[in-house]
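**Q** Could you have a look at this structure, given as structure tokens, before my questions?
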Amino acid sequence: MPATINRILAHAPEQFLVENLQPLLDFVDAQLKDYMLYNLKCNVAILKLYLLYPDLANVNVYEQILALALGQVLRPDFTIAVAMIPKPMQASSKISRLIKLGALLQKCAFVSFWAKADIEIGSVKLLQVPGFVDNIRTFILDLLPLVYMRIELPQLRSLLNFEKNTADMENLLRHNGYTVFDYNEDDLVGGYATCKKDTPETVKTVKKTTEFTYFKPEALRAFQNSMRA
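Given below as structure tokens:
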């Protein structure tokens, strides 16, 4: 993070100075180029300034901040950002479409979310913001063990927004603690995934049997334990 942004965020009075708005806006642009730079405090500081100086408010900046917060699905960032945007501004088409996307994520309507998320935020496509899609997919992969005991591979691909089995999908599953399947097998339409046990069960396909364990048992145990409490 730039030293200027660190200085502004480290001292509360600095966050209310209009002359500090431009460096904060520049850092929003940087976040859209690299999602790993995402910083809620920076974005909230901008929203505070817009509330104090409504004449400076810019719907395009609101849109950018909401789009960035949308990827933080495990945190309340999106709700915080929406709450700091005036109601009249929320009614604008750019803002309302993002609020609707947030509602789809909250409903776990992932297929509908992917279909409607292919939008442009300024000059940047939302789904092309580096790191944004991975955040959403990681959230989905953490959620699936709480819902499914087994899932067909075409459905898994659809939920993760992959058109077919790819190396990227394999790497994503491995990174999130899932076992790896042969991504060259594009016809796994008859396959299904089951919980990992001491003796791994398998996915049966038309051609052959391939080991594939799709979810993390520790997540399921945590869910079951919470149900017993």
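Anchor point for the sequence shown: position 9 equals 9 in full-length UniProt numbering, and the numbering is continuous, going up by one each time.
Every residue, glycine too, gets a C-beta built ideally from N, C-alpha and C.
#1: With DSSP run on the structure shown, which of helix, strand or coil describes residue 15?
#2: Can you check which of these residues, 10, 134, 34 and 62, is closest to residue 95 by C-alpha distance?
#3: Just grab the DSSP bridge partners of residue 125 for me.
#4: Decide yes or no for the touch test of the region 41 to 48 against the region 9 to 16: beta carbon pairs closer than 8 Å, at least 3 of them.
#5: Can you tell me which of the three DSSP states residue 192 falls into?
#6: Quick check on DSSP: helix, strand or coil for residue 56?
#7: Are there 16 or more other CB atoms within 10 angstroms of the CB of residue 38, so buried, or fewer, so exposed?
#8: May I ask you to report which of helix, strand or coil DSSP gives residue 74?
#9: Where do the N-terminal and C-terminal ends of the alpha helix (DSSP H) with residue 89 fall, by residue?
#10: Which residues in the same chain have their Cβ closer than 8 Å to the Cβ of residue 73, if we skip the five residues on either side of it in sequence?
#11: Whole-angstrom Cβ separation of residue 89 and residue 44, contact assumed at under 8 Å?
#12: Is residue 126 near residue 117, with beta carbons less than 8 Å apart?
#13: Please check the pair residue 102 and residue 70, which I expect to be a contact at CB under 8 Å, by giving their CB distance rounded to whole angstroms.
#14: Within this structure, are the beta carbons of residue 82 and residue 66 separated by less than 8 Å?
#15: What is the DSSP secondary structure of residue 2, reduced to helix, strand or coil?
#16: Is residue 203 helix, strand or coil by DSSP?
#17: Could you give the first and the last residue of the continuous alpha helix (DSSP H) run that contains residue 144?
#18: Please look up how many angstroms separate the CB atoms of residue 153 and residue 176, rounded, as I've assumed it's under 8 Å.
**A** Judging by the given coordinates:
#1: helix
#2: 62
#3: 120
#4: yes
#5: In this prediction, residue 192 has a pLDDT of 31, which is less than 50 and means its spatial position is unreliable; what the coordinates show is noted afterwards. Three-state DSSP puts residue 192 in coil, outside helix and strand.
#6: helix
#7: buried
#8: coil
#9: 87 to 90
#10: 105, 135, 136 and 139
#11: With 8 Å as the limit, residue 89 and residue 44 do not qualify as a contact, their Cβ atoms being about 16 Å apart.
#12: yes
#13: 6 Å
#14: yes
#15: coil
#16: Annotation note: pLDDT 36 at residue 203 (below 50); position unreliable, no value reported.
#17: That residue, residue 144, is in no alpha helix (DSSP H); it is neither H nor E in DSSP.
#18: Going by Cβ atoms, the distance from residue 153 to residue 176 rounds to 16 Å, so no, they are not a contact pair.
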